[in-house]
Amino acid sequence: MRELRSAPVPGVANEDHVRGPDDAPLLIEYADFECPFCAALHVRLKQKRLRRVFRHFPVRTSHPRAWPAACAAEAAALQSRFWEMHDLLFADQSRLEDPHLWSLAETLGLDRDRFEEDRRSEHVLARVRRDFESGIRAGVVTTPTVFSSAGMFAGRSAAAAIEELAR
Amino acid sequence: MTAERTDTVIAPGAPAPSFTLRREDGEAFTQSDLHGHTTVLVFYPFAFSPVCTDQLGLYHEVLDDFAARGATLYGVSCDASYSQKAFREKLGVSIEQLSDFEPKGATCRAFGAYHPAGFPQRALVIVGPDGVVKWSYQAASPGDLPGANLIFDGLDA
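If you read the sequences in order, they're chains A and B.
Heads up: the first sequence begins at 781 in my numbering, then just goes up one per residue.
Heads up: the second sequence begins at 45 in my numbering, then just goes up one per residue.
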């Protein structure tokens, strides 16, 4: 049985996707690639000096392509191109159907057969689920939700928290 | 006769009150339907409203985990069954909906989960197989969405 009782948000682990200077303020983000507010936050984050951790929090009913997009990003990660795929997915949220994902894989020069196999694999599914479960346990209810040394900030308050953190 | 409660949600240890809700097919769902099962009543303000949409969608993602603990979730609001069904179908969730439409809010009041402005509080009530309230929670404001983690905590309480 999966453990889903309350627990603090996990610190940075080896499996995490991390970007930014080691000495910059740490920001852990729970987001999904079909969420427009997450895309807007991503634009803001790009301009900040932060050490960013991206974790998946896809909810099917709101965003039916969020799970496939998350799995595509993880499949790209297995070919060491997570952040490139992350940026491409957020760059055009109107194109998240399978042919678009194949096209993005080609743009990044990924081995397409391997990408296709990986994004449907149990391993990748479990990886996305791991993030989702840690978010559930930490009390995440919506995207984007960010955690910093100042606490947890959901939805609109995430942007203000980032401004404060990256001052 | 259970006294009306409109201030705070029913406390753990209290027996579930007598009530009648309507299932989507019009059949009654009463106190006796609670016996022998662990039931999570999710009181929510309005079908199709933004936070309620997020709430049912979020809980839907972990429905299997509730089922693995022997718990069944029901959405409870004062909307008519037709509205609840349309809401559930639009969301694509399988959480069964129970209507507190007529007399409006009677069950919400009995559970202490009725907002003075005329809609259910955002509240969660877990009733054990013995018909006794095991855990309850009322959001600080109807606009606050309680995390699914709280329900898992409540199931283990």
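Ideal Cβ placement from N, Cα and C applies to all residues, glycine included.
No experiment lies behind these values; they were computed from the predicted model shown.
Rounded distance between the beta-carbons of residue j and residue i, thought under 8 Å
{"i": "Ala846 (chain A)", "j": "Phe870 (chain A)", "result": "Not quite, the Cβ-Cβ distance comes to about 12 Å (not below 8 Å), so this is no contact."}
{"i": "Gly191 (chain B)", "j": "Ile916 (chain A)", "result": "7 Å"}
{"i": "Tyr118 (chain B)", "j": "Leu78 (chain B)", "result": "The Cβ separation is near 10 Å, so there is no contact."}
{"i": "Cys122 (chain B)", "j": "Pro186 (chain B)", "result": "The Cβ separation is near 13 Å, so there is no contact."}
Beta-carbon gap between residue i and residue j smaller than 8 Å
{"i": "Ser125 (chain B)", "j": "Glu68 (chain B)", "result": "yes"}
{"i": "Val177 (chain B)", "j": "Ala91 (chain B)", "result": "no"}
{"i": "Arg166 (chain B)", "j": "Ala183 (chain B)", "result": "yes"}
{"i": "Phe933 (chain A)", "j": "Thr922 (chain A)", "result": "no"}
{"i": "Ile170 (chain B)", "j": "Thr82 (chain B)", "result": "yes"}
{"i": "Pro838 (chain A)", "j": "Phe895 (chain A)", "result": "no"}
{"i": "Pro790 (chain A)", "j": "Ser929 (chain A)", "result": "no"}
{"i": "Ala792 (chain A)", "j": "Glu809 (chain A)", "result": "The sequence given here has Val at residue 792 (chain A), not Ala. For Val792 (chain A) and Glu809 (chain A), no; Cβs fall outside 8 Å."}
{"i": "Ser180 (chain B)", "j": "Pro56 (chain B)", "result": "yes"}
{"i": "Ala906 (chain A)", "j": "Pro788 (chain A)", "result": "no"}
{"i": "Cys851 (chain A)", "j": "Val904 (chain A)", "result": "yes"}
{"i": "Ile942 (chain A)", "j": "Leu806 (chain A)", "result": "no"}
{"i": "Pro848 (chain A)", "j": "Leu876 (chain A)", "result": "yes"}
{"i": "Arg835 (chain A)", "j": "Asn193 (chain B)", "result": "no"}
{"i": "Gln75 (chain B)", "j": "Gly175 (chain B)", "result": "yes"}
{"i": "Phe87 (chain B)", "j": "Ala130 (chain B)", "result": "no"}
Beta-carbon contacts of residue i that lie in its chain and below 7 Å, excluding the five residues immediately before and after
{"i": "Gly65 (chain B)", "result": "Residue 65 (chain B) is actually Leu in this sequence, not Gly. Here the set comprises Phe73, Val120, Leu142, Ser143, Asp144 and Thr151."}
{"i": "Asp109 (chain B)", "result": "none"}
{"i": "Ala938 (chain A)", "result": "Leu821, Pro924, Thr925 and Val926"}
{"i": "Asp891 (chain A)", "result": "Gln859"}
{"i": "Pro816 (chain A)", "result": "Gln873"}
Assigned secondary structure, residue i (DSSP; H/G/I helix, E/B strand, else coil)
{"i": "Ala934 (chain A)", "result": "strand"}
{"i": "His79 (chain B)", "result": "coil"}
{"i": "Gly191 (chain B)", "result": "coil"}
{"i": "Thr50 (chain B)", "result": "Because Thr50 (chain B) sits at a pLDDT of 48, beneath the cut-off of 50, its placement in the model cannot be relied upon, and the point is left open."}
{"i": "Ala787 (chain A)", "result": "coil"}
{"i": "Gly248 (chain B)", "result": "Outside the shown range of chain B, which is 45 to 201, sits residue 248 (chain B), and nothing can be said about it."}
{"i": "Val798 (chain A)", "result": "strand"}
{"i": "Thr925 (chain A)", "result": "strand"}
{"i": "Ala939 (chain A)", "result": "helix"}
{"i": "Thr97 (chain B)", "result": "helix"}
6 Å CB neighbourhood of residue i in its chain, flanking five on each side removed
{"i": "Glu140 (chain B)", "result": "Tyr118"}
{"i": "Leu888 (chain A)", "result": "Arg861 and Glu864"}
{"i": "Glu902 (chain A)", "result": "none"}
{"i": "His880 (chain A)", "result": "none"}
{"i": "Val137 (chain B)", "result": "Leu100 and His104"}
Cβ-based neighbour list, residue i, same chain, cut-off 8 Å, excluding 5 preceding and 5 following
{"i": "Leu189 (chain B)", "result": "Val95, Asp98, Gln99, Leu102, Arg166 and Ala183"}
{"i": "Arg840 (chain A)", "result": "Ala846 and Trp847"}
For the stretch 867–901 of chain A, list the alpha helix (DSSP H) runs that are entirely contained and at least 4 residues long, ordered along the chain.
878–887 and 892–899
Which runs of the alpha helix (DSSP H) fall wholly inside the stretch 802–838 of chain A and span at least 4 residues, in chain order?
816–826
Within the stretch 145–182 of chain B, ranges of the beta strand (DSSP E) (whole runs, at least 3 residues)
167–171 and 177–182
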